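A.B. asks: Please see the structure below; I have some questions.
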Amino acid sequence: MSDSNPSTLSDLNTIVSLFREADRIVISTHTRPDGDAIGSQLGLGNYLKSKGKQVRMINSDPSPYNLEWLPGSKDIEIYEGSLAQVEFITKADLVVVLDTNVEDRLGSPGKSLRNSPGTKLLIDHHTSPEQWFDHMYRRESASSTAELLFEIMAHWDVEAISYEVAAPFYVAIMTDTGSFRFSNVTPELHHIIAQLMDRGSLDPSLLHAGVYDKKSIEGIRLLSKVLSTIELHFDGLVGTVLVTRRMLQDTGASVEETDGFVNQVLSIEGVAVAMIFTETERGTKVSFRSKGDFHVHKWAQHYGGGGHRNASGAFIYGSLENAFKKTLDSAHQFISIPVADESSDLSSEDAAYLNSLMNSQKN
Ligand code: 5GP
Ligand code: MN
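Per the working numbering, the very first residue in the sequence shown carries number 51; after that it's consecutive.
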């Protein structure tokens, strides 16, 4: 295990007892939920329901459109602060937080979940957890939150893993490992996949298509605009693309459809860090992706964000132009860039490029 603070971990017996003894259980996950967030939540929710538990799944934000077909999806609620929701959270025996470890990332129900008198349990694979949880089952080296949940269920009752549990978990692991190709993929993980396929009678090609072959023509038009902004920096070590509000308006695509665009940049030979800058009303969302030893989580943390070594994100208040310049200018602090590289003096060139882009957007 790669955790810096293993004393915060509870063992599997303890975690299973928490679930066994609880009757009312609330499960929540992070804002702008991804495949691991929703897949983990649904797999756990469906499993606990099959054990006769009262379960409510309460999130800040809606699920992505390409995950709506997962079993149990329509039971996920958006937090509105209604009496029924607040009462359930307040009277819950167990509050389970998945795939994030900070209150802020839980969005609107965060405060209410944290203040619940119920036992707070964190199950997660991100760095630097906040300390308000009563129990944690976490491992940074885990591929996904769903991998950790599978370990808990295998310890409790593996026979209870049905299609309703296996399909969401398969999707969670598939999406968090880039379809089983990131460095967090291990023989043990493939063994878990084999068990999920077996227990849920899963068809991997159907599950893959269900998640990834859902693009709209608007989304593909947006991709073409976004890719046309591609730029390489530091001798091709860092690649960037931009998403402006104007591009979203012009194509009619929704911002969720930019999911995965950044991987196109990372697929360029020689690029070790890829970034996508998305302009929003309030500021700029930056997503970082990287390969191997080029770690980006500290870079994202520097701007108030976080994540994993090879996949992180942050939200920078201010214009797209500013966020872009600021982030690239700070590259030296977070990744090692060959010293002899003249192109690392990028500001004037990039500023000119960005200016021309912003101007053409206004026209
Ligand atoms: P994405 O770039 O897909 O939004 O996020 C990649 C990873 O970075 C996520 O799994 C999440 O862990 C992390 N991340 C993204 N945005 C934020 C943020 O604003 N704050 C924190 N703490 N982590 C983020
Ligand atoms: Mn995850």
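Even for Gly, the Cβ is constructed at its ideal location relative to N, Cα and C. Since the structure is predicted, the reported quantities are computational estimates derived from the model, not experimental observations.
Using beta-carbon positions only, say whether I88 and S113 come within less than 8 Å of one another.
C.D. replies: Locating residue 88 in the sequence shown gives position 38, counting from the first residue. Locating residue 113 in the sequence shown gives position 63, counting from the first residue. Yes, the Cβ-Cβ distance between I88 and S113 is below 8 Å.
A.B. asks: Let's see if you can read the secondary structure: which residues bound the beta strand (DSSP E) around A109?
C.D. replies: Your numbering for residue 109 matches position 59 in the sequence shown. The displayed chain sequence assigns Asn, not Ala, to residue 109. Unbroken beta strand (DSSP E) run through N109: 104 to 109.
A.B. asks: Would DSSP call D391 helix, strand or coil?
C.D. replies: Sequence index remark: in the sequence shown, residue 391 carries index 341 (1-based). Unreliable placement is indicated for D391, whose pLDDT of 46 sits below 50; the coordinate value is still reported in the next sentence. DSSP places D391 in coil when its eight states are reduced to three.
A.B. asks: Express the C-alpha separation of L256 and H241 in angstroms, rounding to a whole number.
C.D. replies: Counting from 1 along the sequence shown, the entry for residue 241 is found at position 191. Counting from 1 along the sequence shown, the entry for residue 256 is found at position 206. Looking at the two C-alpha atoms, the distance is approximately 20 Å.
A.B. asks: At a threshold of 7 Å, does D226 count as lining the ligand MN (C-beta to nearest heavy atom)?
C.D. replies: Looking up residue 226 in the sequence shown gives position 176. Checking the Cβ of D226 against the ligand MN gives yes.
A.B. asks: Tell me whether H358, by its Cβ, gets closer than 7 Å to a heavy atom of the ligand PLP.
C.D. replies: The ligand PLP is not part of the structure shown, which contains the ligand 5GP and the ligand MN as its ligands.
A.B. asks: Please state whether DSSP places G89 in a helix, a strand or coil.
C.D. replies: By one-based count along the sequence shown, residue 89 stands at place 39. Three-state DSSP puts G89 in a helix.
A.B. asks: Is the beta carbon of A196 closer than 8 Å to that of R249?
C.D. replies: Counted from its first residue, the sequence shown places residue 249 at position 199. Counted from its first residue, the sequence shown places residue 196 at position 146. Cβ distance not < 8 Å, so R249 and A196 don't count as in contact.
A.B. asks: Among the residues of its own chain, which have a CB less than 8 Å from the CB of T377, if the five just before and after it don't count?
C.D. replies: For the purposes of this step, residue 377 is taken as the residue at position 327 of the sequence shown. Taken in chain order, the residues that qualify are M325, F327, V336, W349, Y353, I366.
A.B. asks: To the nearest angstrom, how far is it from the Cα of V152 to the Cα of A192?
C.D. replies: Counting from one through the sequence shown, the residue named residue 152 turns up at place 102. Counting from one through the sequence shown, the residue named residue 192 turns up at place 142. Those two C-alpha atoms are separated by around 18 Å.
A.B. asks: Spatial neighbours of D86 within its chain, please: CB distance less than 7 Å, with the 5 preceding and 5 following residues excluded, ordered by chain position.
C.D. replies: Here residue 86 corresponds to residue number 36 of the sequence shown, with the count starting at 1. So the list reads D149, S194, T195, A196, A222, T225, D226, once near-sequence residues are dropped.
A.B. asks: Can you tell me where the beta strand (DSSP E) with H283 in it begins and where it stops?
C.D. replies: Your numbering for residue 283 matches position 233 in the sequence shown. Element bounds for H283: 281 to 283.
A.B. asks: Helix or strand or just coil, what does DSSP make of G38?
C.D. replies: What is shown of the chain runs 51 to 413, which leaves residue 38 out entirely.
A.B. asks: Closest to S67 by CA distance: which of S100, L156, E118, T169 is it?
C.D. replies: To locate residue 67, count along the sequence shown from 1; it is residue 17. Nearest C-alpha to S67: T169.
A.B. asks: Consult DSSP for D143 and reduce its assignment to one of helix, strand or coil.
C.D. replies: Numbered from its first residue, the sequence shown carries residue 143 at position 93. Reduced to three states, the DSSP call for D143 is coil.
A.B. asks: What is the rounded straight-line gap between the Cα of I211 and the Cα of S100?
C.D. replies: The sequence position of residue 211 within the sequence shown is 161, counting from 1. The sequence position of residue 100 within the sequence shown is 50, counting from 1. Answer to the nearest angstrom: the Cα atoms are 9 Å apart.
A.B. asks: Can you look up F230 in the DSSP assignment and give me helix, strand or coil?
C.D. replies: Counting from 1 along the sequence shown, the entry for residue 230 is found at position 180. Correct three-state label for F230: coil.
A.B. asks: For a quick check, are the C-beta atoms of R339 and H347 less than 8 Å apart?
C.D. replies: Counting from 1 along the sequence shown, the entry for residue 339 is found at position 289. Counting from 1 along the sequence shown, the entry for residue 347 is found at position 297. No, the Cβ-Cβ distance between R339 and H347 is not below 8 Å.
A.B. asks: Could you pull the DSSP bridge partners for H185 from this structure?
C.D. replies: If you number the sequence shown from 1, residue 185 lands on position 135. H185 is bridged to L171.
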